[in-house]
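For the sequence shown, the residue numbers in our numbering are 5 to 106.
Built from N, CA and C at the ideal position, the CB exists for glycine as well.
Note that the coordinates shown come from a computational prediction; the quantities given were computed from them, not determined experimentally.
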Amino acid sequence: MSDLHAAILKNLAQAAIKLERWGEAVDAADRALQISEDHKAWFRKACALEALGRIDEACSCLERIEELAVGRVDRERLCQDVQHRRQRLIRASEKNASFVQR
């Protein structure tokens, strides 16, 4: 039953992301993570935090995904996804820093 509940919360987080309801996405991902630490919940939380401009927190989520990927069959794919997202976060952070300096 808890697996089903976690899956529903992860889907709720994804739906909130699609609707650009970033706070709700973070809340749903956090609730899913309380049930089970899952890379999908961490990734969805990272996406929502990125949209909220909380870059450091999003990077922490990505680090957690890499930790969870150890020993998984799909580790390489997960790490590639994390690296792609991390590059986006770095670009966003640099863009924000450039804007603030103006």
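For residue i and residue j, which I take to be in contact (beta-carbon distance under 8 angstroms), what is that distance rounded to the nearest angstrom?
i	j	result
Trp26	Ala45	That pair is no contact at about 15 angstroms.
Ala29	Ala20	4 angstroms
Glu2	Ala96	With the chain running from 5 to 106 in the structure shown, residue 2 is simply not present.
Arg89	Ala33	In fact, because the Cβ distance is near 14 angstroms, the residues do not count as touching under 8 angstroms.
Hey, would you say residue i sits closer than 8 angstroms to residue j, going by beta carbons?
i	j	result
Ala62	Leu93	yes
Ser64	Ser40	no
Asp42	Lys14	yes
Val86	Leu72	no
According to DSSP, is residue i helix, strand or coil?
i	result
Gly57	coil
Arg25	coil
Ser40	coil
Asp85	helix
Asp31	helix
Asp78	coil
With a threshold of 7 angstroms on Cβ separation, who are the neighbours of residue i within its own chain once the five nearest residues in sequence on each side are excluded?
i	result
Gln18	Arg48
Ala10	Ala36, Ile39, Ser40 and Asp42
By Cβ distance below 8 angstroms, which residues in the same chain neighbour residue i in space, the five residues on each side in sequence not counted?
i	result
Asn100	Gly57 and Ile59
### Query
Do the segment 53 to 62 and the segment 76 to 84 make contact, defined as three or more Cβ pairs closer than 8 angstroms?
no
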